[in-house]
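Numbering (my numbering), first residue to last: 182 to 325. In what follows, a structure is listed as structure tokens, so that the remarks can point back to it.
Structure below.
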């Protein structure tokens, strides 16, 4: 969901490359029907998505890596300690209503449509703060 919503947010920009990967993702899996429904409702780009596990090549090429939860962040640091300076929480800079700043993005799996909508709302609040952070910290000359 995060990849689709982020792609929508930067659709008019040519200086962003957006990808997602999971610390426990099964390669090539399609998104859930619930996620697909939410992304379609939000008019987000869902074409060609398939899951991929996080790997060093993807991390090395990234300028910024945003983890959904603290446990994901700690897993990334454990797996790729040389790249720790690229890792942040997805909500690191956002004050999420009812959750605060630097909240974990909730996992909606098995929780019904309202949980997926809450995740979309959380991400839509966080993404503009991430874009602003990238714009402030990224050295131009490549893709974010």
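Each residue gets a CB set at the ideal place from its N, CA and C atoms; glycine is no exception.
Would you list the residues sitting across from residue 133 in a DSSP beta bridge?
-> Limits of the chain in this structure are 182 at one end and 325 at the other, which puts residue 133 out of reach.
When the Cα atoms are used, what is the spatial distance from residue 247 to residue 268?
-> Position 66 of the chain shown, counting from 1, holds the residue named residue 247. Position 87 of the chain shown, counting from 1, holds the residue named residue 268. Taking the straight line from one Cα to the other gives about 6 Å.
What is the rounded straight-line gap between the Cα of residue 217 and the Cα of residue 288?
-> By one-based count along the chain shown, residue 217 stands at place 36. By one-based count along the chain shown, residue 288 stands at place 107. Whole-angstrom Cα-Cα distance: 15 Å.
Whose CA, out of 242, 227, 220 and 188, lies closest to the CA of residue 301?
-> Taking the first residue of the chain shown as position 1, residue 301 is located at position 120. The residue from 242, 227, 220 and 188 with its alpha-carbon nearest to that of residue 301 is 220.
What's the C-alpha gap between residue 199 and residue 184?
-> Position 18 of the chain shown, counted from the first residue, corresponds to residue 199. Position 3 of the chain shown, counted from the first residue, corresponds to residue 184. Approximately 7 Å, taken between the alpha carbons.
How about residue 292 and residue 271: are their beta carbons less than 8 Å apart?
-> Within the chain shown, numbered from 1, the residue matching residue 292 stands at position 111. Within the chain shown, numbered from 1, the residue matching residue 271 stands at position 90. Result no, Cβ atoms of residue 292 and residue 271 do not sit closer than 8 Å.
For residue 254, which residues from the same chain have a beta carbon less than 7 Å from its beta carbon, with the 5 sequence-adjacent residues on both sides left out?
-> In the chain shown, counting from the first residue as 1, residue 254 sits at position 73. These residues qualify, in order along the chain: 248, 268 and 270.
Would you identify the three-state DSSP class for residue 262, choosing helix, strand or coil?
-> Counted from its first residue, the chain shown places residue 262 at position 81. Of the three classes helix, strand and coil, the one that applies to residue 262 here is helix, per DSSP.
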